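J.:
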Amino acid sequence: MKRIGILTSGGDCQGLNATIRAVAKTLYNHYGNDGIEIIGIIDGYRGLIYGEHRKMKPENFSGILTMGGTILGTSRQPFKLMRVVDENSVDKVAEMKKNYKKLGLDCLVILGGNGTQKTANLLREEGLNVVSLPKTIDNDLWGTDRTFGFQSAVDIATNVIDCIHSTATSHGRVFIVEVMGHKVGWLTLYAGIAGGADIILIPEIPYDIKSVINTIKARTASDKNFSILAVAEGTISKELASLPKKQKKAAIADMKFPSISYKIAQEIEEATGRETRVTVPGHFQRGGSPDAYDRVLSTRFGVAAAQLVIDKNYGNMVSLVNDEVVAVPLQDIAGKLKSVPKDCEVVETARKMGISFGE
Ligand code: F6P
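If you're matching positions, the sequence shown starts at 30 in the numbering used here and goes up one per residue.
(1) Using the beta-carbon count (16 or more within 10 Å), is Ser271 buried or exposed?
(2) Which of helix, strand or coil does DSSP assign to Cys136?
(3) Going by CA-CA distance only, name the one from Lys147, Val309, Ala356 and Pro310 that's closest to Arg329.
(4) How far does the alpha helix (DSSP H) with Val325 in it extend, from its first residue to its last?
(5) Taking C-alpha atoms, which residue in Glu377, Arg380 and Leu359 lies nearest to Val159?
(6) Quick check: what's the CA-CA separation for Glu299 versus Phe313?
(7) Quick check on Met382: buried or exposed, where buried means 16 or more other Cβ atoms within 10 Å of its Cβ?
(8) Along the chain, where does the beta strand (DSSP E) that runs through Phe204 open and close?
(9) What is the rounded straight-line gap between the Cα of Glu155 and the Cα of Ile70?
(10) If you count every other CB in all the chains shown that lies within 10 Å of the CB of Ile245, and 16 or more means buried, which is it?
(11) Restricting to runs no shorter than 3 residues, where is the beta strand (DSSP E) found entirely within the stretch 180–245?
(12) Suppose you measure from the CA of Gly133 to the CA of Ser318; what does that come to, to the nearest Å?
(13) Please confirm whether any heavy atom of the ligand FAD lies closer than 7 Å to the CB of Arg303.
(14) The alpha helix (DSSP H) with Glu81 in it runs from where to where?
(15) Identify the continuous beta strand (DSSP E) that holds Gly162 and give its terminal residues.
(16) Taking the straight line between their C-alpha atoms, what separation do you get for Lys17 and Lys292?
(17) Is Ile166 near the ligand F6P - that is, is its Cβ less than 7 Å away from at least one heavy atom of it?
(18) Under DSSP, the beta strand (DSSP E) around Leu36 begins and ends at which residues?
(19) For Gly73, is the beta carbon positioned less than 7 Å from some heavy atom of the ligand F6P?
(20) Is Gly383 helix, strand or coil when you go by DSSP?
(21) Please confirm whether any heavy atom of the ligand F6P lies closer than 7 Å to the CB of Arg105.
(22) Assign Asn390 to one of three DSSP states: helix, strand, or coil.
(23) Quick check on the burial criterion: 16 or more other C-beta atoms within 10 angstroms. Buried or exposed for Phe286?
(24) In the DSSP assignment, find the unbroken beta strand (DSSP E) run with Asn89 in it and report its ends.
(25) Per DSSP, what are the beta-bridge partners of Asn345 in this structure?
(26) Provide the residue(s) that pair with Phe177 in DSSP beta bridges, ordered along the chain.
(27) Using a threshold of 7 Å, is the CB atom of His312 nearer than that to any non-hydrogen atom of the ligand F6P?
(28) Can you tell me the Cβ-Cβ gap for Met354 and Thr55, rounded? I've got them flagged as a contact below 8 Å.
(29) When you compare the CB positions of Phe90 and Ala53, do they come within less than 8 Å of one another, or not?
(30) Taking 7 Å as the cut-off, is the CB of His59 close to at least one heavy atom of the ligand F6P?
(31) Looking at the unbroken beta strand (DSSP E) that takes in Arg50, where does it start and where does it end?
(32) Where DSSP assigns a beta bridge to Arg306, which residues make up the other side?
(33) Quick one: residues in its chain with C-beta nearer than 6 Å to the C-beta of Arg248, no 5 flanking neighbours on either side, listed in chain order?
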């Protein structure tokens, strides 16, 4: 009898359940319902550290394809604290190894983003059999062209920009839609293009507020009574970007606005006299049903990950490269961030459409 553990870690996103389902169905189909036991680890690495888990049954994986969130629960367990003993003197890495052995696992299947992949690699280095899958709305995982969750979040952020368009036009206002994405601008770039934003600001291309203001003034001068900005939550001005790391961090922490968009909004309003509003869809972008693209991608990833388990091809993350699902070694991708290359084809496309990046 095979025993496989499965966990979801870090921020949730669309497609987690679709992926879990694909892993489980492939394993049951291969080994038969009596040939494999799947152990659901509760709330990500926390469950592995503190021994919280449940035996899953085949029926637990039915009817979950379209469900948002994760049936296993999740939590954020920062990688940098993994080697730090907790307040109760718990050695987290030792406990994870102990619980893996206690459960008699042949392999642990791990669904997660950047931090999660780093810990997956750490567990691999510690001798555990792991297979991982790339999850995040941020699409910032190295080694894969796409993460599941990204496209569904693009759809939601695009819908927000679409809805804002009518209000912006009716009132002749400037609107900022602040898009998630942590330190990268993939989500903002794609939603910005899809939603027809006039200005897209992303962390990879620090902005000059004068350029942003000039674009809005030029639009007003050419009788365009509204402007829409898609602004990534991690956006940074040229001024701040030029500071040494420590000073930059301090300046960001000192910002008296709830987020960067509110600062930009105030600067636009002061310089142009135009009413400027901010909309922050926030965690909406991670919620609800995965779209059709993510359901297919999740299924492809899940099946491929199960195949790695069957083949005992451990220590890999499944990834999408040129529309092929392949396995990439965890040690090659863990800890590397995939940012938007500032002159990539998608950015160039936007520039040629007249979209400003505030450069
Ligand atoms: O990584 C996904 C993400 O939604 C980021 O885009 C965002 O910066 C972060 O998680 C928010 O984290 P939390 O859910 O912990 O507030």
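Ideal Cβ positions, reconstructed from N, Cα and C, are used throughout, including at glycine. These numbers come from a predicted model, not from an experiment.
T.: Let's see:
(1) Exposure of Ser271 is indicated by the presence of fewer than 16 other C-beta atoms within 10 angstroms of its C-beta.
(2) Strand, per DSSP.
(3) Here the closest residue by C-alpha is Ala356.
(4) Taken as a continuous stretch (DSSP letters only), the alpha helix (DSSP H) holding Val325 covers Ala321 to Ile339.
(5) Per the Cα distances, Leu359.
(6) Rounded to whole angstroms, Glu299 and Phe313 show a C-alpha spacing of 30 Å.
(7) Around the beta carbon of Met382, fewer than 16 other beta carbons sit within 10 angstroms, so the residue counts as exposed.
(8) It spans Val203 to Val208 - the beta strand (DSSP E) in which Phe204 sits, taken as one unbroken run.
(9) So the alpha carbons of these two residues sit roughly 19 Å apart.
(10) Buried, since its Cβ has 16 or more Cβ neighbours within 10 Å.
(11) The stretch 180–245 is shown to contain whole beta strand (DSSP E) runs of 3 or more residues at 203–208 and 228–230, in chain order.
(12) Their Cα atoms are separated by approximately 34 Å.
(13) The ligand FAD is absent from the structure shown, which contains only the ligand F6P.
(14) Premise fails: Glu81 is in no alpha helix (DSSP H) and is neither H nor E.
(15) Looking at the sequence provided, one finds Leu at residue 162 rather than Gly. Start and end: Val159 to Pro163.
(16) Summary: the structure shown does not reach residue 17, with the chain confined to residues 30 through 388, and so no result is reported for it.
(17) Short note on Ile166: C-beta closer than 7 Å to some heavy atom of the ligand F6P.
(18) If you look at Leu36, you'll find it in the beta strand (DSSP E) that goes Lys31 to Thr37.
(19) No; taking the cut-off as 7 Å, the Cβ of Gly73 has no heavy atom of the ligand F6P nearer than that.
(20) DSSP places Gly383 in coil when its eight states are reduced to three.
(21) The answer is yes for Arg105.
(22) In the structure displayed, the chain extends from 30 to 388; residue 390 sits before or after that span and is not available.
(23) Counting Cβ neighbours within 10 Å, Phe286 comes out exposed, since fewer than 16 surround it.
(24) For Asn89, there is no enclosing beta strand (DSSP E), as DSSP gives it neither H nor E.
(25) Answer by DSSP bridge pairing, in chain order: Val160 and Pro358.
(26) Phe177 pairs with Lys164.
(27) The ligand F6P approaches His312 closely enough that one of its heavy atoms is under 7 Å from the residue's Cβ.
(28) Sequence inspection shows Val at residue 354; the Met mentioned does not correspond to that position. About 13 Å; that fails the 8 Å criterion.
(29) Their beta carbons are under 8 Å apart, which means Phe90 touches Ala53 by this criterion.
(30) His59: no, Cβ never under 7 Å from the ligand F6P.
(31) No beta strand (DSSP E) holds Arg50; the alpha helix (DSSP H) holding it covers Leu45 to Tyr60.
(32) According to DSSP, Arg306 bridges with Phe204.
(33) Ser256, listed in sequence order.
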